[in-house]
Amino acid sequence: KAGVTQTPRYLIKTRGQQVTLSCSPISGHRSVSWYQQTPGQGLQFLFEYFSETQRNKGNFPGRFSGRQFSNSRSEMNVSTLELGDSALYLCASSISGTGDDGYTFGSGTRLTVV
Amino acid sequence: AQSVTQLGSHVSVSEGALVLLRCNYSSSVPPYLFWYVQYPNQGLQLLLKYTSAATLVKGINGFEAEFKKSETSFHLTKPSAHMSDAAEYFCAGFVSGGYNKLIFGAGTRLAVHP
Numbered sequence: 534k535a536g537v538t539q540t541p542r543y544l545i546k547t548r549g550q551q552v553t554l555s556c557s558p559i560s561g562h563r564s565v566s567w568y569q570q571t572p573g574q575g576l577q578f579l580f581e582y583f584s585e586t587q588r589n590k591g592n593f594p595g596r597f598s599g600r601q602f603s604n605s606r607s608e609m610n611v612s613t614l615e616l617g618d619s620a621l622y623l624c625a626s627s628i629s630g631t632g633d634d635g636y637t638f639g640s641g642t643r644l645t646v647v
Numbered sequence: 015a016q017s018v019t020q021l022g023s024h025v026s027v028s029e030g031a032l033v034l035l036r037c038n039y040s041s042s043v044p045p046y047l048f049w050y051v052q053y054p055n056q057g058l059q060l061l062l063k064y065t066s067a068a069t070l071v072k073g074i075n076g077f078e079a080e081f082k083k084s085e086t087s088f089h090l091t092k093p094s095a096h097m098s099d100a101a102e103y104f105c106a107g108f109v110s111g112g113y114n115k116l117i118f119g120a121g122t123r124l125a126v127h128p
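Protein chains in written order, with my numbering: chain S, 534 to 647; chain W, 15 to 128.
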């Protein structure tokens with residue numbers, strides 16, 4: 534059974550650019566969540582999608598957005614990149630996103646903004 | 015406020031010694047609790063989860079955790095540490111009530127020395 538696939542693994546972008554990250558969940562999982570991990574702030578929730586709808590959003594500026602497709606694959610986009618956006622972005626896949634079935638994480642995308 | 019607190023950002027043990035990583039959660043966090051492990055440049059791997067079944071939860075790699083409601087704790091233990099256990103460990107709680115997200119502790123870095 535394939536795990537959660539995140540692409541690309543590494544990205545280097547220049548301040549002011551935009552970036553799109555991709556996440557393919559486990560087959561049959563309809564919930565996809567995104568988290569940002571930084572040394573200073575730890576792991577923080579960005580947003581969650583279920584059946585192509587954003588159900589929840591964390592406390593991040595509007596530059597962070599996402600979407601989910603009919604096959605449950607998800608993308609997140611960050612526009613007008615800032616140095617502080619450098620982080621490991623993790624995607625988590627869940628059957629229902631209700632907590633009881635757990636979350637499986639991908640290996641992450643390491644974004645560096647220069 | 016909803017929170018998960020890990021006591022001790024760094025823990026060092028000898029190979030073969032008991033591993034004890036501490037986690038406390040706020041009473042507002044529903045009883046869906048998780049422990050994840052993260053190796054360098056990797057995503058999060060689920061060690062074990064508590065979802066209101068048995069209070070003693072057994073996970074992978076010989077780890078287990080006990081849910082103690084009276085102490086609002088969910089400490090992770092392993093009887094005998096192995097060099098390969100060196101990693102960062104995160105305790106997480108699931109927040110429902112429309113949020114449907116994980117909140118994480120700050121993490122505990124486990125070092126295992128010969």
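Just so it is clear, CB atoms sit at the ideal spot from N, CA and C, and this is done for glycine as well.
All figures in this text were calculated on a predicted structure; none of them were measured in a lab.
Contacts of S/G599 in chain W (Cβ-Cβ under 9 Å): Going along chain W, no residue has its Cβ under 9 Å from S/G599, so there is no contact; the nearest lies around 14 Å.
Residue-chain proximity (W/Y103, chain S), Cβ-Cβ < 9 Å: no
Under 7 Å by beta carbon: chain S residues contacting W/K63: G635
Same chain, Cβ closer than 6 Å to S/I545, five either side skipped, listed in chain order: T645
Own chain partners of W/S28 with C-beta closer than 8 Å, once the 5 adjacent residues on each side are dropped: A95, V126, H127 and P128
Proximal residues to W/F118 (C-beta, below 6 Å), its chain only, five neighbours per side dropped: F104 and A106
Residue of W/Y50, W/P54 and W/N75 minimising C-alpha distance to W/K63: W/Y50
Length at least 3, wholly inside the stretch 23-76 of chain W: the beta strand (DSSP E) runs in chain order: 24-28, 33-39, 47-52, 58-64 and 70-72
Secondary structure of W/S98, DSSP reduced to three states: helix
Residue from S/R542, S/Y582 and S/T538 whose Cα sits closest to the Cα of W/K115: S/Y582
Contacts around S/D576, its chain only, beta-carbon distance under 8 Å, and the 5 residues preceding and following it disregarded: Note that residue 576 of chain S is Leu in the sequence shown, not Asp. Around S/L576: Y568, Q569, Q570 and L623.
Cutoff 9 Å: S/R606 Cβ touching any chain W Cβ: no
Endpoints, the beta strand (DSSP E) within which S/Q574 is located: Unbroken run through S/Q574: none, as it is neither H nor E.
9 Å Cβ cutoff, W/F77 in contact with chain S: no
Three or more C-beta pairs below 8 Å linking the stretch 17-24 of chain W and the stretch 584-592 of chain S: no
W/Q56: contacting residues in chain S (beta-carbon distance under 7 Å): S640
Which of helix, strand or coil DSSP assigns to W/L85: Note that residue 85 of chain W is Glu in the sequence shown, not Leu. Here W/E85 sits in helix by DSSP.
Test: S/Q539 CB closer than 9 Å to a CB of chain W: yes
Buried/exposed call for S/Q550, threshold 16 Cβ in 10 Å: exposed
Bounding residues of the beta strand (DSSP E) (the contiguous stretch that carries S/T613): Looking at the DSSP string, S/T613 is not in any beta strand (DSSP E), and its letter there is neither H nor E.
Neighbouring residues, chain S, relative to W/S110 (Cβ below 8 Å): T631 and G632
CB of W/F48 within 9 Å of CB of S/G641, strictly: no
Chain W contact residues for S/S589, given Cβ-Cβ distances below 8 Å: Here the sequence assigns Asn to residue 589 of chain S, which means Ser is not the residue at that position. Within chain W, the residues near S/N589 are G112, Y113, N114 and K115.
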